[in-house]
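Trainee: In our numbering, the protein residues as written are 131 to 432. Where is the CB? At the ideal position from N, CA and C, for every residue including glycine. The structure presented is a predicted model; accordingly, all values stated were derived computationally and were not measured. Got a structure for you, written out below as structure tokens; questions coming shortly.
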């Protein structure tokens with residue numbers, strides 16, 4: 131029987147292995163340090179403030195006991211179940227990121243039309259989907275929907291459990307036609323036929339945020355999303371193209387990131403973020419200007 135002391139308290143919704151790819155210590159062979167000491171620079175969108183001292187990666191993007199399911203008396207059941215599932219997925223993330231790193235910096239690969247294998251494409255689509263569904267804001271929306279639908283029958287804790295059971299497909303066999311499968315499929319289907327582009331930034335200036343998957347669509351449900359941007363490290367960013375964008379792009383290619391792409395990544399991460407943007411460096415004036423433009427747009431929409 132697992133004691134409460136054995137349950138992971140700080141449960142990260144943005145994996146530490148992911149954030150390490152945006153750390154100044156990442157791939158720095160001059161002085162290798164333990165993963166627990168990796169740091170990251172933070173720009174606070176709510177305060178329009180750059181933090182000039184890097185913070186430990188382990189200290190950001192987590193909530194206490196976020197993924198635990200509780201019983202009627204508030205006791206934790208299936209302790210660390212989702213944490214263990216996520217740890218497998220995160221080990222796979224490390225492997226597939228490394229696969230990209232072994233071939234993304236070979237300039238001859240810019241001419242190929244088959245850069246990602248089918249296996250890689252399936253992994254990245256699946257990872258983006260799970261990363262989106264594990265966000266605390268998504269789980270909170272799912273909880274509220276449960277409460278509003280069955281408010282006379284559910285406690286707050288029961289609705290919270292339902293949100294985790296429905297959004298995260300790690301509690302049992304996926305059965306065609308049930309509510310959980312229908313939810314996953316509604317989000318997964320628009321991803322399947324999109325085109326893939328892997329952008330490479332030799333200068334290591336790619337940033338990310340506390341909501342790293344930027345998904346743009348004019349409407350939902352939809353056949354395809356218009357555009358997805360998912361930074362993988364400070365040097366590699368996944369672009370996915372649908373509808374009209376897809377018809378103007380190659381289907382599976384590698385390309386060097388230029389200033390226009392850099393601007394798009396910064397603005398997309400800022401538009402997607404809840405509160406924080408993360409990078410391996412202090413953002414310069416141009417990067418902050420891009421963020422300010424997006425924040426002004428966000429204020430105008432509100």
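Tell me, please, whether the CB atom of residue 340 is closer than 8 Å to any CB atom in chain B?
Mentor: In summary, chain B is missing from the structure at hand, where a single protein chain is found.
Trainee: Can you tell me whether residue 338 is buried or exposed? The criterion is at least 16 other CB atoms within 10 Å of its CB, across all chains shown.
Mentor: Locating residue 338 in the chain shown gives position 208, counting from the first residue. Label assigned to residue 338: buried.
Trainee: With a cut-off of 8 Å on the beta carbons, I'd call residue 227 and residue 363 a contact; round off their distance for me.
Mentor: The sequence position of residue 227 within the chain shown is 97, counting from 1. The sequence position of residue 363 within the chain shown is 233, counting from 1. Between residue 363 and residue 227 the Cβ distance is about 6 Å, and since that is below 8 Å, they are a contact.
Trainee: In chain order, what residues of the same chain have a beta carbon less than 6 Å from the beta carbon of residue 136, not counting five sequence neighbours either side?
Mentor: Within the chain shown, numbered from 1, the residue matching residue 136 stands at position 6. So no residue of the chain qualifies.
Trainee: Does the structure place the region 138-147 close enough to the region 194-214 that three or more beta carbon pairs sit under 8 Å?
Mentor: Note that the region 194-214 touches the region 138-147; at least 3 beta-carbon pairs, one per stretch, sit closer than 8 Å.
Trainee: Output the residue ranges of the alpha helix (DSSP H) runs that lie fully inside the region 271-313 and measure 4 residues or longer, sorted by chain position.
Mentor: 286-297
Trainee: Indicate the three-state DSSP secondary structure (helix, strand or coil) for residue 161 in the structure shown.
Mentor: By 1-based counting over the chain shown, the position of residue 161 is 31. Coil, per DSSP.
Trainee: Following the continuous alpha helix (DSSP H) through residue 391, name the residue where it begins and the one where it ends.
Mentor: Here residue 391 refers to the residue found at position 261 when the chain shown is read from its first residue. Its alpha helix (DSSP H) spans residues 389-402.
Trainee: Going by DSSP in three states, residue 358 sits in which element: helix, strand or coil?
Mentor: Along the chain shown, read from residue 1 onward, the residue named residue 358 stands at position 228. Residue 358: strand per DSSP, three-state reduction.
Trainee: Between the region 220-234 and the region 360-375, do at least 3 Cβ pairs fall closer than 8 Å?
Mentor: yes
Trainee: Straight-line CA distance for residue 423 to residue 208?
Mentor: Numbered from 1 along the chain shown, position 293 holds the residue referred to as residue 423. Numbered from 1 along the chain shown, position 78 holds the residue referred to as residue 208. One C-alpha to the other measures close to 45 Å.
Trainee: What is the DSSP secondary structure of residue 235, reduced to helix, strand or coil?
Mentor: On the chain shown, position 105 is the one that residue 235 refers to. DSSP places residue 235 in coil when its eight states are reduced to three.
Trainee: Taking the continuous beta strand (DSSP E) assigned at residue 366, which residues delimit it?
Mentor: Position 236 of the chain shown holds residue 366. Looking at the DSSP string, the run of the beta strand (DSSP E) that includes residue 366 is 366-371.
Trainee: Let's see if you can read the secondary structure: which residues bound the alpha helix (DSSP H) around residue 248?
Mentor: Sequence index remark: in the chain shown, residue 248 carries index 118 (1-based). Here the alpha helix (DSSP H) through residue 248 covers 248-263.
Trainee: Please classify residue 420: does DSSP put it in a helix, a strand, or coil?
Mentor: As a first step, residue 420 is located in the chain shown; it is residue number 290 there, counting from the start. Note: residue 420 maps to helix in three-state DSSP.
Trainee: Which value, in whole angstroms, describes the spacing of the CA atoms of residue 348 and residue 357?
Mentor: For the purposes of this step, residue 348 is taken as the residue at position 218 of the chain shown. For the purposes of this step, residue 357 is taken as the residue at position 227 of the chain shown. Near 10 Å, if we compare the C-alpha coordinates of residue 357 and residue 348.
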